[in-house]
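What follows is a single structure, written as C-alpha cells, with notes after it.
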Amino acid sequence: MAALNTPSRMSVVPLTVEIVSMFALAAFLIHKYGNVARQHVAVTISVLVAWYFSFIIIFILPLDVSSTIYRQCMHNNAISTIAPDGNSDNSTNVTESPSDLTPVCLVPWSHVPENVLPNLWRIVYWTSQVLTWIILPLMQSYSQAGDFNVAGKLKSALIDNAIYYGSFLLIFGVLLIYIAARPDVQLDTGKKLKIICITASNTWGLFLLVLLLGYGLVEVPRTCWNNSKRGYMLNYNYFKASKLSVEKMEAEEALEDTLDDIERIAETITISHPLRSNLDTILEKCPEALQNRLNNPSSRPPSEVPAQVGSDKSLVRLHRQLIKTMKTHHRTQTQWNNLIDKALHLEDVARNEGSNEKYFKAAFQTQRPAWIRVFYTPRIEWYWKCLFRGWVLRGLAVCMAIMSFIVLWSEVTFFNKDPVLSLVAVFVDLAKSSYNYLQIEMVSIITLAYLCVCTYYTVFKIRVLNYYYLAPCHQTDEYSLIFSGTLLCRLTPPMCLNFLGLIHLDSHVVSDSSMEETSYTQIMGHLDVISVISDGVNIYLPILILLLCLATYFSLGTRFLHLLGFQQFIGDDDMTSDLIDEGKELIKREKRKRQRTEDGINRRKRFNEKLSGAAVYRNSSSATRSDRFLRRGDSTESTHTELLRDVEPIDYTSVSEREKLSEDTLPASTRRIASGNSLYQSDNDTTQWTNSSRNWSTHPPRGIFDDV
C-alpha cells in the first residue's frame with residue numbers, strides 16, 4: 001500500500017483577502033464611530049488594532065476549522081486505491097504511482113501551510129491580550145485623570161485599575177494554589193504558568209460571556225420583532241425621551257456647577273501664581289466665552305459664594321471633574337439628538353402610511369448624496385418604510401429566534417459526545433462527510449457572527465453600562481471607543497473556544513486524545529486545563545445560560561427593577577403611561593424648535609436673495625445715473641429735480657426684518673438657564689457661554705424727526 005503525500009495545492013488567497021477585508025472593516029468602523037481628526041493618535045491606533053485583531057479571530061477561525069478537519073481526515077484514512085480481482089470476489093491492494101491515486105481526503109479550497117495559522121494566532125492572541133489587560137485599561141483611566149503631568153496621570157490610572165488587576169491576580173493566585181496543592185499535577189516552569197495565565201483570562205471572559213449571551217439570545221430576536229411594530233417603537237421612544245431628558249438636564253447642571261467652581265477658583269490664581277499653568281490647562285478645555293469672561297473681570301458679575309483657595313489637589317480634582325462632566329454632557333446630547341431623530345422619523349412613517357400618493361414626505365428633509373437620490377427615490381422610500389420594512393424585520397426576527405434556539409440547545413448539550421446532540425456539531429458533521437469545506441466555513445462564520453451580535457448587543461443595552469455608547473457620525477468619545485476595544489479583545493478568545501466546543505472540535509470537551517487540534521487551541525490551550533474549570537464549564541455553564549434566557553424571556557429583571565423604583569418600559573403600568581405622555585410632549589417641543597430654526601434659515605436665504613437682487617438693481621441704477629449725468633447738458637430738467645428723482649426712500653421695515661430675522665435664526669437649542677447676562681447654548685459638539693447684553697430690536701427707531 002502506498003500513501004499519497006499531502007497535496008501541494010495551497011491557496012493563500014482566501015486568507016489574504018480576509019486579512020485585508022477585516023482591516024478595511026475595522027478602519028471603516030473607526031471612521032464612522034470615532035473622530036479621527038480630533039481624537040489622539042494613540043487611541044486611534046490602539047482601538048484599530050483591537051478591533052482588527054478581534055475580527056481576524058472571528059473570521060479566520062473557520063479557515064482553521066476546515067484545515068483541522070482535513071488533517072483529521074488525513075490521519076484517519078490511508079490514501080490508496082483498491083483494485084478488484086476479476087477472477088474472484090476478493091480484492092487485492094495494488095500499489096500505483098502517486099499520479100494514479102485518487103485522494104480520499106479533498107484539500108480545502110482555503111488550505112494554507114501548517115505553520116501559517118499558528119504564527120498568526122500567536123501574534124494576534126498575545127497582542128490582543130496585552131491590549132485588553134494593560135494598554136487599553138491604562139489609556140482609559142489616563143484619559144480621565146486630572147493630573148497635569150505624565151507621571152501623575154499614570155499613577156492615577158494604576159490606582160483606578162487596582163480592582164481590575166486585583167480580580168485577575170486573585171483568579172491567577174487561586175488557580176496556582178490549587179495546582180500546587182494537587183500532587184497529581186506536575187507544575188512545569190514556563191509553559192504551565194503560561195497556560196494558567198491563559199486559563200485565568202479565559203475564565204474571566206467566559207463568566208462575562210455567559211451573562212451577556214444569556215440576555216442577548218432572547219433580547220436580540222425580540223428587539224428585532226418589536227422594531228417591526230411602529231406603535232410600540234413610538235411609545236418606547238417617547239418613554240426613553242422622558243427619561244433621557246432628566247439625565248440630560250442633570251448633565252447640564254453638573255457642567256454648569258463645574259464651570260462655576262472653575263470661575264471662582266480662577267479669581268484666586270493670578271498670572272504670576274505658580275499654579276497658573278495648571279489653571280490654563282483647565283481653561284483650555286472650557287468654552288471660549290468663559291475664557292473671555294475670566295480675562296475680562298469687568299464683565300463678570302460679583303459672586304455671592306466666596307472664592308476657593310487654589311491648590312494643586314483642588315485643581316486636579318476640578319480638572320478630573322471637568323473632563324467627566326463634559327464627557328457626560330456630550331454623551332447625553334448625542335443620545336438626545338439621535339433619539340429625537342428616530343422619534344421624528346417614526347412619526348413621519350406613521351403619517352405617510354395612510355397616504356394615497358405613495359410618496360414619502362418627511363417633516364425635515366435629510367441631505368443624501370446624489371447617487372443615493374437617483375436610486376432611493378421618495379416613492380421607493382415609501383414602499384420600503386411603509387410596506388416592506390416591517391415584514392422584512394419580522395422575517396429576520398424569526399430567523400434570529402431559530403438561530404437562538406440552535407445556539408441555546410447546542411450550549412446545553414455540547415458536552416454529550418455519543419449521540420451528538422449539539423445542532424451546530426451535527427451541521428458541521430454533515431458538511432464534513434461530503435468534504436464541503438465552504439459549507440463548514442459558512443456555518444462557522446454565521447454561528448460566530450451571531451454569538452458576537454448577541455454578546456455585544458447586551459453590553460450597550462444594559463442600563464448600568466449606559467455610560468458607554470457607540471454613536472455614528474463621529475460622535476463616540478475616546479473613552480467609549482477604548483472600552484469597546486477592551487471588551488472585544490477580552491470576550492473574543494473565550495467565545496471562540498466555546499464555539500469549538502459546540503462543534504466538538506475541542507479534544508478536551510469530547511475526551512478524544514486522537515483528535516487533531518486546531519492551530520487556535522494549540523496556542524490558546526483549553527478551558528479544562530484544571531479539573532475544577534472543566535467541571536464548571538460542562539455543568540454550570542449550560543445551566544446558567546438556560547436560567548438567564550428564561551429570566552430574560554419573562555422580563556424578570558425588568559419587573560424587579562420596576563418594583564425597586566427604577567422606571568422600566570412596561571406597557572400595562574400607569575407610571576409608564578405618564579412617562580410616554582411626557583415624552584410625547586418633549587418630542588413635540590423639539591419638533592417646533594427645529595421647525596422654527598428651519599423657517600429662520602429659509603427666511604434668511606430669501607432675504608439674502610432679495611439683498612443680492614437689490615444690489616444688482618442699484619448697480620444698474622448707478623450705471624443709468626452715470627449715463628444721465630454725462631448727458632445732463634442736453635436735459636431740460638434742473639439738477640435739483642434730477643437729485644430728487646434718484647434718491648431712494650428710507651425703508652424701516654428692512655431694518656426690522658433684518659433684526660427679526662437675526663433673532664429667529666438663533667439656534668433652537670438656545671435657552672436661558674442662568675440669571676444675569678449669560679446665555680447657555682448647547683449643541684452636538686460644544687457648549688458655549690455667550691453675552692446676552694445686546695438688546696434685539698424689532699421696531700424702527702422712533703422720534704428721529706423731532707428736531708425738524
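All residue numbers for the sequence shown refer to UniProt numbering, where the first residue is 1 and numbers rise by one.
From the three backbone atoms N, C-alpha and C, an ideal C-beta is built for every residue, glycine too.
Residue burial classification, residue i (beta-carbon count within 10 angstroms, cutoff 16)
i: Arg559; result: exposed
i: Thr492; result: buried
i: Arg293; result: buried
i: Phe629; result: Residue placement at Phe629 is poorly supported in this model, since its pLDDT is 48, which falls under 50; the coordinates are not used for a value here.
i: Cys473; result: exposed
i: Ser682; result: Any reading at Ser682 needs caution, since the residue's pLDDT is 42, under 50, leaving its predicted position unreliable; the model's value is listed next. Answer is buried; the Cβ neighbour count reaches 16.
i: Met575; result: exposed
i: His31; result: exposed
i: Phe59; result: buried
i: Glu585; result: exposed
i: Phe554; result: exposed
i: Cys105; result: buried
i: Thr16; result: exposed
i: Gln333; result: buried
i: Pro137; result: buried
i: Leu564; result: exposed
i: Phe28; result: exposed
i: Tyr450; result: buried
i: residue 709; result: The structure shown does not extend to residue 709, since the chain spans only 1 to 708, so no value can be given for it.
i: Gln140; result: buried
Residue from the options whose Cα sits closest to the Cα of residue i
i: Gly501; options: Phe414, Glu247, Val374; result: Phe414
i: Tyr437; options: Ser355, Met326, Ile163, Pro62; result: Pro62
i: Lys358; options: Ile135, Gln335, Leu387, Val41; result: Leu387
i: Thr518; options: Ile482, Ser66, Ala431; result: Ser66
i: Phe148; options: Ser311, Ala397, Thr223, Phe483; result: Ser311
i: Phe207; options: Leu487, Ile163, Val316; result: Leu487
i: Asn202; options: Leu423, Met495, Cys399; result: Met495
i: Tyr236; options: Ile340, Ala200, Leu211; result: Ile340
i: Glu478; options: His40, Leu451, Phe499, Val20; result: His40
i: Ile282; options: Leu318, Asn35, Asn337, His273; result: Leu318
i: Lys588; options: Ile543, Leu547, Ala343; result: Ala343
i: Tyr125; options: Ile57, Gly173, Ser514, Val107; result: Ile57
i: Phe483; options: Leu505, Asp257, Asp160, Val459; result: Val459
i: Arg230; options: Arg596, Leu322, Ala350; result: Ala350
i: residue 759; options: Ile545, Gly152, Tyr215; result: A query on residue 759 cannot be resolved here, the shown segment of the chain reaching from 1 to 708 and no further.
i: Ile445; options: Leu158, Met403, Trp336, Val150; result: Met403
Cβ neighbours of residue i in the same chain (closer than 7 Å, five flanking residues each side left out)
i: Leu25; result: Phe55
i: Glu516; result: Thr68, Arg71, Gln72, His75
i: Asn352; result: Phe360, Lys361, Trp382, Cys386
i: Glu18; result: Phe59, Ile60
i: Gly173; result: none
i: Leu175; result: Ile196, Thr199, Ala200, Ile530
i: Tyr232; result: Asn226
i: Ala431; result: Gln439, Ile440, Val443
i: Asn338; result: Ala471
i: Gln329; result: What sits at residue 329 in the sequence shown is His, not Gln. Excluding residues within five positions, the ones whose Cβ falls inside 7 Å are Ala251, Glu252, Leu255, Thr687.
Contacts around residue i, its chain only, beta-carbon distance under 8 Å, and the 5 residues preceding and following it disregarded
i: Thr127; result: Val49, Phe53
i: Leu579; result: Tyr238, Phe239, Ser242, Lys243, Gln567
i: Trp109; result: Ser11, Pro14, Tyr437, Leu438
i: Thr270; result: Arg276
Any chain C beta carbon closer than 7 Å to residue i
i: Ile58; result: In summary, chain C is missing from the structure at hand, where a single protein chain is found.
Contact set for residue i: own chain, Cβ-Cβ below 6 Å, skip 5 residues either direction
i: Tyr376; result: none
i: Ala397; result: Pro221, Cys224, Trp225
i: Gln475; result: Thr334
i: Met326; result: none
i: Ser410; result: Ser422, Leu423, Val424, Leu502
Whole-angstrom C-beta distance between residue j and residue i, which should lie under 8 Å
i: Ile171; j: Ala200; result: 4 Å
i: Tyr469; j: Arg331; result: 6 Å
i: Thr447; j: Val218; result: Going by Cβ atoms, the distance from Thr447 to Val218 rounds to 17 Å, so no, they are not a contact pair.
i: Gly485; j: Trp51; result: 6 Å
i: Tyr33; j: Leu481; result: 7 Å
i: Ile545; j: Gly214; result: 5 Å
i: Val420; j: His504; result: 7 Å
i: Leu548; j: Leu211; result: 7 Å
i: Cys489; j: Thr132; result: 4 Å
i: Lys324; j: Gln144; result: 7 Å
i: Ser228; j: Gly390; result: 4 Å
The ligand SAH heavy atom lying under 6 Å from the CB of residue i
i: His31; result: The ligand SAH is not part of the structure shown, which contains no ligands of any sort.
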